[in-house]
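Have a look at the structure below before the remarks.
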Amino acid sequence: MAKLKTVISLIAVGLMSASLLTGCNKSDNSTGSLYVYNVGDYIDEELITKFEEETGIDVTYETYDTNEMMYQKVKSGSTNYDLVFPSDYMVEKMKSEGLLQKIDFKNIPNIKNIDEDFFNPVYDETNEYSVPYMWGTFGIVYNKTMVKEKVDSWDILWDEKYKSNLMMFDSVRDTMGIALKKLGYSMNSTNQKEIDEAKELLMKQKDLVLAYVNDEGKDRLIGEEVAMGINYSGDAITMMEENPNLAYAIPKEGTNKWVDAMCIPTTAKHKKEAEMFINFLLDAENAKVNAEYIGYSIPNKAALELLDEEIVNDPVAYPSEEVLKKTETFIDIGSEIKKYDKAWIELKSK
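Residue numbering for the sequence shown is -22 to -1, 1 to 328, as defined by mature numbering (1 follows the signal peptide of the UniProt record, and there is no 0).
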């Protein structure tokens, strides 16, 4: 879920040529073109060059910051993107609105490399509209020199000793999801009573929270400005490499397991090329290179065999089955999201 690296993303975007930034609006119907729209810094761009050299297909690559930004551009119908990378719940939303087309898996023989656990997910139960790309969890990143007790529960985020020394996600589904999990409810609950309880729980916590953050929270944790915060597993690995005092914990109550996927919009004009690129990225060696660059977990079992054992055995990147049994994938809850939005506005305006 995308799992954004904004600063790096902005640098990457800044280095792109003007032709790349405007390419999706070209009226190019040739079979030698491909327009890709992905989250910033979410692919090893050397792989794009390799694909172009191997196939002769000219790839125009653009980036976005959020699922919602991508969704709005695709929904507008004014673009010709051939391949997009939505998160699980957004795959479901776009599919239900007719924004995605079925993928011809005859053109993707490397689908055999995907672990069967990732087939027929809740957001694409017929396994026709998406191919898993990366996955991970979110949990608590904490500084071991500042937090002495065991971190194994969301409860610690309500401990008054950490007043003004913790940060939360500035994200309605993620943060409300934490409160729902702490209460023993589903992260996808649409029950008004449960949502209200989660809001009240966050209201009680608010005086303890230094800030609600997104990407900027990573630097503050690395710089040891706060004792703990929430982050995605892939980012946590990078942060721990930069500051060995940091650690990552998935609370025993459970958390979100997100999956980002590759999908072809109904407006795509180069479906065959998009399927070729998907197949290319599923190649074991290519997937290995991509995983090493991005730092997130991959659903590609063939590529996993090529990765260093240290990476594969890292419980942050690849949690145990016992841990994963307690995770949930966000689903699109449709108009019920208004309940969350209302609760979030009330929380933030307090």
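For each residue, glycine too, the CB sits at the ideal point set by N, CA and C. Being a predicted model, the structure only gives us computed values, none of them experimental.
Taking a C-beta distance under 8 Å as the contact criterion, W132 and W236 do not qualify as a contact pair.
For I86, same chain residues with a beta-carbon under 8 Å away, outside a window of 5 residues either side, are V109, E253, I256, N257, L260 in chain order. For E40, the enclosing beta strand (DSSP E) begins and ends at 36 to 42.
When the Cα atoms are used, I118 and M154 turn out to be separated by approximately 15 Å. Y163 has no beta-bridge partner at all, per DSSP.
Buried is the label assigned to I215, since at least 16 other Cβ atoms lie within 10 Å of its Cβ. With a threshold of 16 other beta carbon atoms within 10 Å, Q183 meets it and is buried. For I309 against Y101, the beta-carbon gap comes to about 6 Å, under 8 Å, which counts as contact. E283 and L302 have their C-alpha atoms spaced approximately 20 Å apart.
By the Cβ test, the stretch 49 to 59 is not in contact with the stretch 21 to 33, since fewer than three Cβ pairs between them sit closer than 8 Å. Ranked by Cα distance from Y190, the options S327, F96, K279, D43 are led by S327.
Under DSSP, L144 takes part in a beta bridge, and its partners are V187, M206.
Three or more pairs of CB atoms, one per stretch, sit closer than 8 Å, so the stretch 202 to 210 contacts the stretch 130 to 149.
For G162, the closest of T233, L285, S56 by C-alpha to C-alpha distance is T233. The alpha-carbon separation between G273 and E24 amounts to approximately 16 Å.
In the assembly as shown, K159 is a buried residue. Its beta-carbon has 16 or more other beta-carbons within 10 Å. Contact between Y120 and A225 holds: their C-beta atoms lie close to 6 Å from each other, under 8 Å. S56 carries a coil assignment under DSSP once its states are collapsed to helix, strand and coil. DSSP places S298 in the coil class of the three-state scheme, outside both helix and strand. Sixteen is the threshold: since fewer than 16 other Cβ atoms of the shown chains lie within 10 Å of the Cβ of V290, the residue is exposed.
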